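Trainee: Residue numbers (the working numbering), protein chains in the order written: chain C, 11 to 152; chain V, 11 to 152; chain S, 11 to 152; chain E, 11 to 152.
There are 4 protein chains.
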Amino acid sequence: MSSTPYIHRVHYYETDKMGITHHSNYIRWMEEARVDYLKRINFPLTRLEEMGLLCPVLDVDCSYKKVTRFDEEIKIYVRLAEFGPVRFTIAYRMINAATGEVVCTGSSRHCILDRDYHPVRLKRDYTEFYEMMMGQVSESFL
Amino acid sequence: MSSTPYIHRVHYYETDKMGITHHSNYIRWMEEARVDYLKRINFPLTRLEEMGLLCPVLDVDCSYKKVTRFDEEIKIYVRLAEFGPVRFTIAYRMINAATGEVVCTGSSRHCILDRDYHPVRLKRDYTEFYEMMMGQVSESFL
Amino acid sequence: MSSTPYIHRVHYYETDKMGITHHSNYIRWMEEARVDYLKRINFPLTRLEEMGLLCPVLDVDCSYKKVTRFDEEIKIYVRLAEFGPVRFTIAYRMINAATGEVVCTGSSRHCILDRDYHPVRLKRDYTEFYEMMMGQVSESFL
Amino acid sequence: MSSTPYIHRVHYYETDKMGITHHSNYIRWMEEARVDYLKRINFPLTRLEEMGLLCPVLDVDCSYKKVTRFDEEIKIYVRLAEFGPVRFTIAYRMINAATGEVVCTGSSRHCILDRDYHPVRLKRDYTEFYEMMMGQVSESFL
């Protein structure tokens, strides 16, 4: 399931005066793909919020391999790279759909908090989410 | 006091592949200038929020006169064009600081609501704000 | 054909601290829908650029009817409201797909220039595009 | 000189529905601070472009320490962390001006290319820039 990519088509307003996609947008595409991923594993962000869970970003990193341009279709593959009781890491691989080239790789690390920004006992109190996530951890983008 | 412009310098990430400022950013600059204006008349947005007042945008319009480019300094003049018991209109005039040319004009119309999105009796319940705003209405940017 | 809406799902990064979509994003969605519309009538922006035509924005206006929120699906209907030898106007109507309510209406006015930012003789020099556009003018979003 | 921070005040449109600054904006603030830094060392981006030099981003990383909120003043300290013949790394430390707390740290790595995206012989062909940068490398933000 995690092998279905999220598709983002580069918007005109995402380009900059070099004629290419501005680098800050890839961080936003990572969020788009993450939101889509959580939906596909049946824990959309809105459901997590209703459950009282927040997953703020602790760190991001992004490595730009090839430029992308207006209207190009980008396939974004997502995998859960690490998952522990209080933190998880999502990795991203972005491919230019037309050329098959990797254009960007990145990752985001998140913690899991309740509405009052306190740590939660995920395994005990959110067992279904915990187990789904444990089963999703993967070392490759297959 | 309203004749002091707000200054915005065009950021690299605000340009697009035409090499100019993307038109959507001027709507954001209008907000920056509006936030600054409310601060200068001693009713910063954070104070209005503490008072329980919200001023959501009802309409915006924007007319692009001249392109602007990376790192250009833009002077944004603000005036309260209309003010009534439930709505107000702010007008904006943007000048390229280097050339003196008008690059953009626009306006935003706002309503005034309480935290529950209900209309308020501004004159009766928020007299100080009401009177300050009444005194600010101006037909020109001088 | 113009009755097929463009779909935009509200991104997390498009929300603001009021918990709703920030009003500046609708201007960007208008661009997304316009790009999609030009593609559907077989004159995608990239083709127009290859033909040497630019369509910079002269004015935009936007009227906010209902708030929208994270992950809501927005249908954006586009119609060519006016088309003349040097200018055209596109109108937009945005519908919350779940409720059917109109959330926003707007328009953008554009001029048609060559690469050197000079006016073009559209009817004479770009007949195919001129006639396609003439046939697209519509008074309603049907 | 590099110890003078660049100031960014959080804009309303930079907040998200969690009520805090959306994490993607810090990448843009890094660019704002970098543009300002190059200006202060007398090699503004526009001058580098006139010299025929481009400095595209190869990687970014960003570590979020504390949330920031609307209208907070953020001091961004910049230092040239590494500088070699074809690449350099800039490090960023962001401080909440009111509390003195570190809110974010990050870095961006850049390569130096000519207008045709080819590597340049910086030391030989752009000696003044090369020597200025060599003298700027610093291990701390003081």
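Note that CB positions come from ideal geometry on N, CA and C, so glycine has one too.
For clarity, every value in this text was computed on a predicted model and none was experimentally measured.
If you measure between the beta carbons of C:Arg119 and C:Thr99, is that distance less than 9 Å?
Mentor: For the purposes of this step, residue 119 of chain C is identified with residue 109 of the first sequence, where counting begins at 1. For the purposes of this step, residue 99 of chain C is identified with residue 89 of the first sequence, where counting begins at 1. Yes, these two residues count as a Cβ contact at 9 Å.
Trainee: Within 10 angstroms of its Cβ, does E:Gly116 collect 16 or more other Cβ (buried), or is it exposed?
Mentor: Residue 116 of chain E sits at position 106 when you count from the first residue of the fourth sequence. The residue in question, E:Gly116, is buried, as its Cβ has 16 or more Cβ neighbours within 10 Å.
Trainee: Considering only the beta carbon of each residue, do E:Ala191 and E:Ala107 sit closer than 9 Å?
Mentor: Because chain E is modelled from 11 through 152, residue 191 of chain E falls outside the range shown and cannot be assessed.
Trainee: Quick one: which chain C residues come within Cβ less than 8 Å of V:Asp26?
Mentor: Within the second sequence, residue 26 of chain V is the residue found at index 16, counting from 1. Neighbours of V:Asp26 on chain C, chain order: Tyr22, Tyr23, Thr25, Asp26 and Lys27.
Trainee: Only counting the same chain, and skipping five residues up and downstream in sequence, which positions put a Cβ closer than 6 Å to that of C:Val77?
Mentor: The residue you call residue 77 of chain C lines up with position 67 of the first sequence. Correct list, in chain order: Ile30.
Trainee: Would a check of beta-carbon distances place V:Phe80 closer than 9 Å to chain E?
Mentor: Here residue 80 of chain V corresponds to residue number 70 of the second sequence, with the count starting at 1. Cβ-Cβ to chain E under 9 Å: yes for V:Phe80.
Trainee: So is V:Ser13 buried or exposed if we call it buried at 16+ other beta carbons inside 10 Å?
Mentor: Here the question's residue 13 of chain V lines up with position 3 in the second sequence. Its Cβ having fewer than 16 others within 10 Å, V:Ser13 is exposed.
Trainee: Taking CB distances under 9 Å as the criterion, tell me whether S:Thr31 reaches chain C.
Mentor: One-based indexing of the third sequence puts residue 31 of chain S at position 21. Cβ-Cβ to chain C under 9 Å: no for S:Thr31.
Trainee: How many whole angstroms separate the CB atoms of S:Cys121 and S:Leu68, which I take to be in contact at a CB cut-off of 8 Å?
Mentor: Residue mapping note: residue 121 of chain S aligns to position 111 of the third sequence, counting from 1. Residue mapping note: residue 68 of chain S aligns to position 58 of the third sequence, counting from 1. Contact flag correct, Cβ pair sits at about 6 Å.
Trainee: Please compile the residues from chain E whose C-beta is within a distance smaller than 7 Å of the C-beta of V:Glu42.
Mentor: Position 32 of the second sequence, counting from 1, holds the residue named residue 42 of chain V. The answer, in chain order, is His21.
Trainee: Sort C:Gly62, C:His18 and C:Pro54 by Cα distance to C:Asp81 and report the nearest one.
Mentor: Position 71 of the first sequence, counted from the first residue, corresponds to residue 81 of chain C. Closest by alpha carbon: C:His18.
Trainee: Going along the chain, which residues of its own chain have a beta-carbon closer than 7 Å to the beta-carbon of C:Arg103, five neighbours each way excluded?
Mentor: Taking the first residue of the first sequence as 1, we reach residue 103 of chain C at position 93. Excluding sequence neighbours, C:Arg103 sits near Tyr87, Val112, Thr115 and Phe151.
Trainee: Please look up how many angstroms separate the CB atoms of S:Tyr23 and E:His32, rounded, as I've assumed it's under 8 Å.
Mentor: On the third sequence, residue 23 of chain S is found 13 positions in, with the first residue counted as 1. On the fourth sequence, residue 32 of chain E is found 22 positions in, with the first residue counted as 1. With a Cβ gap of about 5 Å, S:Tyr23 and E:His32 count as contacting.
Trainee: Buried or exposed for C:Arg57, please, with buried defined as at least 16 other CB atoms from any protein chain shown within 10 angstroms of its CB.
Mentor: For the purposes of this step, residue 57 of chain C is identified with residue 47 of the first sequence, where counting begins at 1. The residue is exposed, with fewer than 16 neighbouring Cβ atoms inside 10 Å.
Trainee: Quick one: list the residues of chain B neighbouring S:Val67, beta-carbon separation under 7 Å, in chain order.
Mentor: You won't find chain B in this structure, because its protein chains are C, V, S and E.
Trainee: Expressed to the nearest angstrom, what Euclidean distance is found between the alpha-carbon atoms of V:Arg131 and V:Pro95?
Mentor: For this step, residue 131 of chain V is matched to residue 121 along the second sequence. For this step, residue 95 of chain V is matched to residue 85 along the second sequence. Rounded to the nearest angstrom, the two C-alpha atoms are 7 Å apart.
Trainee: For V:Met11, does the three-state DSSP call read helix, strand or coil?
Mentor: To locate residue 11 of chain V, count along the second sequence from 1; it is residue 1. Any reading at V:Met11 is ruled out, since the residue's pLDDT is 41, under 50, leaving its predicted position unreliable.
Trainee: Identify the continuous alpha helix (DSSP H) that holds V:Lys27 and give its terminal residues.
Mentor: As a first step, residue 27 of chain V must be located in the second sequence, where it is residue number 17. Looking at the DSSP string, V:Lys27 is not in any alpha helix (DSSP H), and its letter there is neither H nor E.
Trainee: Which same chain residues, not among the five before or five after S:Met142, have their C-beta less than 8 Å away from its C-beta?
Mentor: The residue given as residue 142 of chain S occupies position 132 in the third sequence. Here the set comprises Ile51, Asn52 and Phe53.
Trainee: Say whether chain S places a C-beta atom closer than 9 Å to the C-beta of C:Thr56.
Mentor: As a working mapping, residue 56 of chain C is identified with position 46 in the first sequence. It does; some Cβ of chain S falls within 9 Å.
Trainee: Mind reading off the beta-carbon distance from C:Leu55 to C:Arg125? Whole number of angstroms is fine, and I expect it under 8 Å.
Mentor: Position 45 of the first sequence holds residue 55 of chain C. Position 115 of the first sequence holds residue 125 of chain C. So it is not a contact: roughly 14 Å between Cβ atoms.
Trainee: Between C:Asp71 and chain E, is the shortest Cβ-Cβ distance under 9 Å, so that the two count as touching?
Mentor: As a working note, residue 71 of chain C is residue 61 in the first sequence. Closer than 9 Å to some Cβ of chain E, the Cβ of C:Asp71 qualifies, so yes.
Trainee: List the endpoints of the continuous alpha helix (DSSP H) containing E:Met104.
Mentor: Taking the fourth sequence and counting its residues from 1, one reaches residue 104 of chain E at position 94. Here E:Met104 belongs to no alpha helix (DSSP H); instead the beta strand (DSSP E) covers Arg97 to Asn106.
Trainee: Helix or strand or just coil, what does DSSP make of S:Arg36?
Mentor: Mapped onto the third sequence, residue 36 of chain S falls at position 26. Sequence inspection shows Tyr at residue 36 of chain S; the Arg mentioned does not correspond to that position. Of the three classes helix, strand and coil, the one that applies to S:Tyr36 here is helix, per DSSP.
Trainee: Whole-angstrom Cβ separation of C:Ser34 and E:Arg38, contact assumed at under 8 Å?
Mentor: As a first step, residue 34 of chain C must be located in the first sequence, where it is residue number 24. As a first step, residue 38 of chain E must be located in the fourth sequence, where it is residue number 28. Indeed, because the Cβ distance is near 5 Å, the residues count as touching under 8 Å.
Trainee: Any idea if E:Glu149 is buried or exposed, counting beta-carbon neighbours within 10 angstroms, 16 or more meaning buried?
Mentor: Taking the fourth sequence and counting its residues from 1, the one referred to as residue 149 of chain E is at position 139. Exposed.
Trainee: So if DSSP puts S:Ile86 in a beta bridge, which residue, or which two residues, is it bridged to?
Mentor: Locating residue 86 of chain S in the third sequence gives position 76, where the first residue counts as 1. Its beta-bridge partners are S:Tyr16 and S:Met104.
Trainee: Give the DSSP-derived three-state secondary structure of E:Val45 in the structure shown.
Mentor: By 1-based counting over the fourth sequence, the position of residue 45 of chain E is 35. The answer is helix: DSSP assigns E:Val45 an H, G or I state.
Trainee: Starting from S:Pro129, follow its DSSP beta bridges and name the residues at the other end.
Mentor: Taking the first residue of the third sequence as position 1, residue 129 of chain S is located at position 119. DSSP lists S:Leu123 as partners of S:Pro129.
Trainee: What residues of chain S sit near C:Arg38, judged by a beta carbon separation below 8 Å?
Mentor: Position 28 of the first sequence, counted from the start, is the residue given in the question as residue 38 of chain C. Residues of chain S passing the Cβ test: His21 and Tyr23.
Trainee: Would you tell me roughly how many angstroms separate the C-alpha atoms of S:Lys133 and S:Glu42, rounded to the nearest one?
Mentor: Taking the third sequence and counting its residues from 1, one reaches residue 133 of chain S at position 123. Taking the third sequence and counting its residues from 1, one reaches residue 42 of chain S at position 32. Each residue's Cα considered, the two are about 26 Å apart.
Trainee: So, with DSSP's three-state summary, where would you put E:Tyr136?
Mentor: Here residue 136 of chain E refers to the residue found at position 126 of the fourth sequence. Of the three classes helix, strand and coil, the one that applies to E:Tyr136 here is coil, per DSSP.
Trainee: Compute the beta-carbon to beta-carbon distance between C:Phe93 and C:Met61, rounded to the nearest angstrom, for a pair I have assumed lies under 8 Å.
Mentor: What you label residue 93 of chain C is simply residue 83 of the first sequence in a count that begins at 1. What you label residue 61 of chain C is simply residue 51 of the first sequence in a count that begins at 1. Wrong, their Cβ atoms sit about 17 Å apart, outside the cutoff.
Trainee: For C:Met28, which of E:Val147, E:Leu123, E:Phe139 and E:Ile105 has the nearest alpha-carbon?
Mentor: One-based indexing of the first sequence puts residue 28 of chain C at position 18. Per the Cα distances, E:Leu123.
Trainee: Nearest-angstrom Cα distance between E:Lys75 and C:Arg44?
Mentor: Numbered from 1 along the fourth sequence, position 65 holds the residue referred to as residue 75 of chain E. Numbered from 1 along the first sequence, position 34 holds the residue referred to as residue 44 of chain C. The alpha-carbon atoms of E:Lys75 and C:Arg44 are separated by roughly 21 Å.
Trainee: Closest to V:Arg89 by C-alpha separation, out of V:Tyr47, V:Ile105, V:Arg97 and V:Gly110, would be which residue?
Mentor: Sequence index remark: in the second sequence, residue 89 of chain V carries index 79 (1-based). Checked all of V:Tyr47, V:Ile105, V:Arg97 and V:Gly110; the closest Cα to V:Arg89 is V:Tyr47.
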